[in-house]
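Enquirer: Can you keep this structure in mind? I'll have questions shortly.
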Amino acid sequence: MYLKSASIFERLLKQGRDQLQKVLKASKLPLAGATLPDKASLSLTKEIYWVMGNEAADLDSIVSSVSFAILKAHLNDSHSLTLPLINLPRDDINLRPEVLYVFEQCQLPHELLLFIDDPLVLEWEELTAKAGFKVILFLTDHNQLHSRFSDWNGVVKAIYDHHVDEAAHPNANPRVIRPVGSNTSLVVEWWKKQHVDPHQDILLTWHSLCLLLSLLILVILKVNMGALPILTLRWLEFCVV
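Residue numbering for the sequence shown follows UniProt numbering, starting at 1 and increasing by one per position.
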């Protein structure tokens, strides 16, 4: 299961990164001088979805954003692009050994992820306004955008979070904010409602991996917080996992 999940993870992230690079390249070229592939990249990609966790970038936040982005990318049509955006500088991932451990155990190469200080992301921020793309931001594991991203306040279109509701982004739809133990549980619950063909490989592999990751997160939460009472894991985890 791990190898097949890792293959899906790598394929979708590599495809997304490659397409983003093509879009950025095409957006810098005068249309008259652009090649046909460049023109196609610019014209076909009409929507760019970023899925971002909170600035603490803990295990639950990263897993929920990556899982949501991978599953959402599978549902996208050919005119949209979905990528997870890790809400911390790339080098800081080394300060989160639990994240590196879980990704390593699941054979998922974290090097493929995009971080807020990656040149590709910074370049995209500069060019996206004049390139005419419809930017859509999904928040996981938080429900108010950090001030660093204040320019994106108007493009928050969906929220899946388990913290106290800060009453921000009231027009986000869906806006799912529920006090569950792990935010990844909300992602798994969302995926189960998509009615995807159960025989498709991505459901049998990535969905199973999400369930495993949810269990790992809950175990780590219990260990780090002194064996949480079972009721604090909430009814939802038992139903989903």
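Backbone N, C-alpha and C fix where the C-beta goes; we use that ideal spot for every residue, glycine too.
Where does the unbroken beta strand (DSSP E) through LEU97 begin, and where does it stop?
Expert: Walking along the sequence shown from the start, residue 97 turns up at place 97. A small fix is needed here, since residue 97 is Pro in this sequence, not Leu. Run containing PRO97: none in the beta strand (DSSP E); it sits in the alpha helix (DSSP H), 97 to 105.
Enquirer: Does the segment 165 to 176 come into contact with the segment 137 to 151, if we say contact requires no fewer than three beta-carbon pairs (one atom in each stretch) closer than 8 Å?
Expert: With the cut-off at 8 Å, the segment 165 to 176 and the segment 137 to 151 touch.
Enquirer: Going straight from the alpha carbon of ALA34 to that of ARG96, what length do you get?
Expert: Here residue 34 refers to the residue found at position 34 when the sequence shown is read from its first residue. Here residue 96 refers to the residue found at position 96 when the sequence shown is read from its first residue. Unreliable positioning characterises ALA34 in this predicted model, as indicated by a pLDDT of 40, which lies under 50. The coordinate reading is nonetheless provided below. So the two alpha carbons sit approximately 42 Å from each other.
Enquirer: Is the number of C-beta pairs between the segment 179 to 187 and the segment 54 to 72 that are closer than 8 Å three or more?
Expert: They touch, by the three-pair rule.
Enquirer: Which one of GLU55, LYS134, GLU47 has the shortest CA to CA distance from LEU88?
Expert: Against the sequence shown, residue 88 aligns to sequence position 88. Measuring from the Cα of LEU88, the nearest candidate turns out to be GLU55.
Enquirer: Near ALA69, what residues of its chain come up, given a Cβ to Cβ distance below 7 Å and the 5 sequence neighbours on each side ignored?
Expert: Taking the first residue of the sequence shown as position 1, residue 69 is located at position 69. Excluding residues within five positions, the ones whose Cβ falls inside 7 Å are VAL51, THR82, LEU83, PRO84.
Enquirer: Roughly how many whole angstroms lie between the Cα atoms of GLN105 and LEU114?
Expert: Indexing the sequence shown from 1 puts residue 105 at position 105. Indexing the sequence shown from 1 puts residue 114 at position 114. Going from the Cα of GLN105 to the Cα of LEU114 covers about 20 Å.
Enquirer: Can you tell me whether GLY154 is buried or exposed, with buried defined as 16 or more other CB within 10 angstroms of its CB?
Expert: Position 154 of the sequence shown, counted from the start, is the residue given in the question as residue 154. When all chains shown are included, GLY154 counts as exposed.
Enquirer: Could you give the residue range of the alpha helix (DSSP H) that holds ASP60?
Expert: As a first step, residue 60 is located in the sequence shown; it is residue number 60 there, counting from the start. Unbroken alpha helix (DSSP H) run through ASP60: 59 to 75.
Enquirer: Can you say whether HIS79 is buried or exposed, counting buried as having 16 or more other CB atoms within 10 angstroms of its CB?
Expert: Translated into the one-based positions of the sequence shown, residue 79 becomes position 79. Looking at its Cβ environment, which holds fewer than 16 other Cβ atoms inside 10 Å, HIS79 is exposed.
Enquirer: I need the DSSP call for SER80, collapsed to helix, strand or coil.
Expert: Sequence index remark: in the sequence shown, residue 80 carries index 80 (1-based). It is a strand residue.
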